[in-house]
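K.L.:
Read left to right, the sequence shown gives residues 72 to 318 (my numbering). Note that beta-carbon positions come from the ideal geometry of N, C-alpha and C, so glycine has one too. Take a look at the following structure, please.
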Amino acid sequence: MTLATEFALEQGAEVSIVILDRVEGVRVTNGNDEPIDTASVSKLFIADDILFREQQGEVTLSEYEAGLIDEMLRSSDDSAAELLWNRFGSNNIIDRITARYPLSSTSIGSDETWWETQTTMSDIVSYYDALLDGRGGLSADQSAVVLGDIGDFTSTAADGYYQRFGIPDALSGESGIAVKQGWMCCIDGNWIHLSTGIAGDDHRFIIALGSRETAANYGSGDLGAEHARWTLTETAAILFPDGRIDL
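If you want it as structure tokens, here you go:
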């Protein structure tokens, strides 16, 4: 953890790292659990809330809307997220998710946009854990929609952004990779990148990596984006030098 954190700092990035072994019940962290903008990771919350409300008979999803959920999770389609966010409750979605799971360090941002939802990597790990074991309230069938979509993530997002940074590229030897990634610039002069998800047989491991990298060194364009992605991937590679998780 220390080597990975120090490497990121050398690149101009502050990282938050949380990993959970669900079999052994071991959770490890680098000690930085500062709140961070979710960017597209909040699309998990949008999908979860809608699917739960459908399960409860509160809403009825059309085939088109179900397809939007798939696109939002697989290829991180922002237009799909925006439509679903506005149609199914906007900031109330976050209120319902944080109450149901519960997530004590997650809240709607000051601008009340889905991408500026605030969270911590600890909360993201707790979310995945409760999604997997049912404590969050989703049925197995509805959870399978979320897990299936993030397991079928596309290498390139709907907006053309490379989505394999962080966990996917670093864990080349691990099975069962399913991720929801997030990225944006510039928040307080920083590139924001999140790589979160599940790996291992029977969803054994949950990983959440968050990074704030200054845009001062490489800018807010393609070069800055590429460097920030590289930083998070190399940070993960230091954590998992054999391409597999070994806590």
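#1: Give me the Cα-Cα distance between Leu115 and Glu85, rounded to the nearest whole angstrom.
#2: To the nearest angstrom, report how far apart Leu209 and Ala287 are at their CA atoms.
#3: Give the single residue among Trp262, Ile164, Tyr198 and Glu183 whose Cα lies nearest to the Cα of Arg93.
#4: Would you give the residue range spanned by the alpha helix (DSSP H) that Met192 belongs to?
#5: When the Cα atoms are used, what is the spatial distance from Asp230 to Leu144?
#6: How would you label Val319, buried or exposed, when you count the other beta carbons within 10 angstroms and need 16 or more for buried?
#7: Taking the runs of the beta strand (DSSP E) that are 3 residues or longer, which of them lie wholly in the stretch 227–267?
#8: Taking C-alpha atoms, which residue in Ser176, Thr184 and Ala215 lies nearest to Val196?
#9: Could you compute how far the alpha carbon of Ile248 sits from the alpha carbon of Ser226?
#10: Of all the options Ile316, Gln252, Ile278 and His298, which has the alpha carbon lying nearest to the alpha carbon of Glu81?
#11: Helix, strand or coil for Ser111? Go by DSSP, reduced to three states.
P.N.:
On the basis of the data shown:
#1: 24 Å
#2: 42 Å
#3: Tyr198
#4: Met192 to Asp204
#5: 13 Å
#6: Because the chain here runs from 72 to 318, residue 319 falls outside it and cannot be looked at.
#7: 249–258
#8: Ser176
#9: 13 Å
#10: His298
#11: helix
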